[in-house]
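All remarks here apply to the structure that follows.
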């Protein structure tokens, strides 16, 4: 990312704990799981990796495993809109909304803002921090 981009002055975001990002939204339906997450989440839940994959994940050949999202929301979204696996939630969840694909101006001002009431709220996150989070998220999935 380039700090001289459309968000050079930073972006405002504050999680409202509404759970909207945990619900099915077309392109935002897939939560990819890395090997590290496939170790941490089952351990946190007190189940084997095999049990976790069978109950909570799906994998198409040649693709990353993803959380099973065949319901209206993530299986770990509780009734109070909080995450049941918050301490070990996937990196993708922890870094929302600062993903590289979301930092395209039309995407941010369109589908991201439509999905998330926290966009434009809270303290200003400097562009350098936004870029760092997006870069680290990409590196997480590469490594």
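Numbering (the working numbering), first residue to last: 2 to 144.
Glycine is no exception: its CB is placed at the ideal position from the N, C-alpha and C atoms.
- In this structure, the straight-line span from the alpha carbon of residue 99 to that of residue 56 is close to 29 Å.
- Taking 8 Å as the cut-off, the beta carbon of residue 66 is found no closer than this to the beta carbon of residue 46.
- Here residue 116 is not bridged, per DSSP, to any residue.
- Residue 13 has 125 as its beta-bridge partners, per DSSP.
- Exposure of residue 73 is indicated by the presence of fewer than 16 other C-beta atoms within 10 angstroms of its C-beta.
- Contact between the segment 124–131 and the segment 78–85 is absent: fewer than three C-beta pairs spanning the two stretches fall below 8 Å.
- In this structure residue 89 touches residue 42 by the C-beta definition: roughly 5 Å separates them, less than 8 Å.
- Here the alpha carbon of residue 48 sits roughly 44 Å from the alpha carbon of residue 9.
- DSSP lists 74 as the bridge partner or partners of residue 24.
- Taking a 10 Å sphere around the C-beta of residue 125, we find fewer than 16 other C-beta atoms and assign the residue as exposed.
- Straight-line measurement puts the Cα of residue 20 at about 16 Å from the Cα of residue 122.
- DSSP lists 78 as the bridge partner or partners of residue 84.
- Note on residue 107: under 16 other CB atoms within 10 angstroms of its CB, so exposed under the neighbour-count rule.
- In its chain, beyond the 5 residues on either side, 92 have a beta carbon closer than 6 Å to the beta carbon of residue 141.
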